[in-house]
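Trainee:
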Amino acid sequence: MAVMNDIAFFQAPTQYLSQICQKNSRKKKAFNCSGIEIASAARKIRSSCEETFERCQWNGEDFDCCKHFLHLETELGICYSINNVQTTNNSQPAAFIDLRSNRCTGPGSLRLDLKTTANVFIQSRSDVPNLNPKETDTIFVHSKLKTEHEVYLVVRETDNAHGVTKVDAKKRNCNFPWEGNAGYYSHYSYSACIVGCRRRAEMALCNCTRHLLPYRVENGKVCDINEIFCIKNETESLLTLQAPWATKESPMKCPCLSGCEDTQIDVIMRRDHDGVNAGSGVTSSIELKLLYLPSEKYERSVVRSGLDLV
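Anchor point for the sequence shown: position 94 equals 94 in the UniProt record's numbering, and the numbering is continuous, going up by one each time.
#1: Should Arg270 and His162 be called a contact, given that it needs their Cβ atoms to be closer than 8 Å?
#2: Enumerate in chain order the residues of its own chain whose CB-to-CB distance from Ala201 is below 7 Å, with the five nearest sequence positions on each side excluded.
#3: How big is the Cα-Cα spacing for Asn60 and Lys248?
#4: Just to confirm, are Leu291 and Tyr152 a CB contact at a threshold of 8 Å?
#5: Would you give the residue range spanned by the beta strand (DSSP E) that Thr140 belongs to?
#6: Is it a yes or a no for the region 42-55 touching the region 217-234, going by three-plus beta-carbon pairs under 8 Å?
#7: Using 10 angstroms around the beta-carbon of Pro129, count the other beta-carbons present and answer buried if the total reaches 16, otherwise exposed.
#8: Compare the Cα-Cα distances from Arg55 to each of Val302, Ala8, Ser285 and report the closest residue.
#9: Please list, in chain order, all residues of the same chain as Asp159 whose beta carbon is under 8 Å from its beta carbon, the five residues on each side excluded.
#10: With burial defined as no fewer than 16 other Cβ atoms inside 10 Å of the residue's Cβ, what is the status of Arg125: buried or exposed?
#11: What residues in its chain sit with their C-beta under 8 Å from that of Tyr190, if we drop five residues either side in the sequence?
#12: To the nearest angstrom, how far is the alpha carbon of Arg100 from that of Val222?
#13: Indicate the three-state DSSP secondary structure (helix, strand or coil) for Gln11 in the structure shown.
#14: Measuring CA to CA, which of His187, Glu37, Ala118, Gln11 is closest to Asp224?
#15: Report the three-state DSSP secondary structure of Tyr190 (helix, strand or coil).
#16: The beta strand (DSSP E) spanning Phe121 covers which residue range?
#17: When you compare only the Cα positions, how much space is there between Asn84 and Asn173?
#18: Can you name, in chain order, every residue of its own chain whose Cβ lies under 6 Å from the Cβ of Cys79, other than the five neighbours on each side?
#19: So what does DSSP say about Tyr292, is it helix, strand or coil?
#20: Quick check on Cys206: buried or exposed, where buried means 16 or more other Cβ atoms within 10 Å of its Cβ?
#21: Hey, how far is the Cα of Lys171 from the Cα of Thr147?
#22: When burial is assigned at 16 or more other CB atoms within 10 Å of the CB, is Ser81 buried or exposed?
#23: Alpha carbons only, please: which of Glu75, Ile97, Ser109, Glu227 is nearest the one belonging to Leu288?
#24: Considering only the beta carbon of each residue, do Asn226 and Ser34 sit closer than 8 Å?
#25: Pick from Leu112, Trp58, Glu75: whose alpha carbon is nearest that of Asp98?
#26: Which whole runs of the beta strand (DSSP E) in the region 42-115 are 3 residues long or more, in chain order?
#27: Using the Cβ count rule (16 or more neighbours within 10 Å means buried), how would you classify Asp168?
#28: CA-CA distance, Pro294 and Val155?
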């Protein structure tokens, strides 16, 4: 079971997988793991949406968790994301739920009661969970401790003035969702670009990519049970991001621009306490709350356009 857990989540140190399946100088023989199809095994082991969520509420009103938290393929495995443009069926308007906060509604509150241990990622609508998350944007919710987490957020949106789209991306130093090389995903974002960069690095180093993100022809082949140890051995270099101008050689020199429509979400305060009000089937809960309505925003404007030179 420990080996299957290493396959399903595949994060360091994967000691059980190495001990049983990997040959080394001290162990001439290893258990024959060749028959394990690791990509499908990982999918079967991971929790489904129904096995993950017990109850979801927005401003105290229940909504259908699995109607709105949609399947999202990531390099961490299958995740469930709400109002994210990268999800598999984002074209269905009914899948998106109105989570706006204004003067009439007041600061919004999203409460999730969970049945299983989970990492909760706080991101913009075009970002994806990845192996280089901002530490404060990831909340670990343990299934057995019956803990209630309160997380207070401040949101700063970005407005782009008329004409910004006509400026070259390198000059404005950002990409809109329909620009750039989104790679595996349908919309560009900084995190989506990093995922694509890492897949190219994995192909260059190991001639295959990690099994948690599904195979696509343009992204090469997925590692099998024997090839996956190459990815494991290159973990440090694959997780260390380098700026394109850095002098040190690295497979992760990623020329990724930020997203022009990114929303900055900052965790201001967090409180954890025992879940005395948790229901019998609930293991833990997390409540994401706006500390106050957005009071400031970033604006990207054009000082001079092409017409000014005519």
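Each residue gets a CB set at the ideal place from its N, CA and C atoms; glycine is no exception.
Mentor: Quick look at the numbers:
#1: no
#2: Leu238, Pro251, Met252
#3: It is Gly, not Asn, that sits at residue 60 in the sequence shown. Spanning the two alpha carbons is a distance of roughly 51 Å.
#4: yes
#5: According to the sequence displayed, residue 140 carries Phe and not Thr. It spans 138-141 - the beta strand (DSSP E) in which Phe140 sits, taken as one unbroken run.
#6: no
#7: buried
#8: Ser285
#9: Lys297, Tyr298, Glu299, Arg300
#10: buried
#11: Asp127, Cys256, Leu257, Ser258, Gly259, Asp262
#12: 39 Å
#13: coil
#14: Glu37
#15: helix
#16: 118-121
#17: 23 Å
#18: Leu72, Pro129
#19: coil
#20: buried
#21: 47 Å
#22: buried
#23: Ser109
#24: yes
#25: Trp58
#26: 53-58, 61-63, 69-74, 77-82, 109-114
#27: exposed
#28: 6 Å
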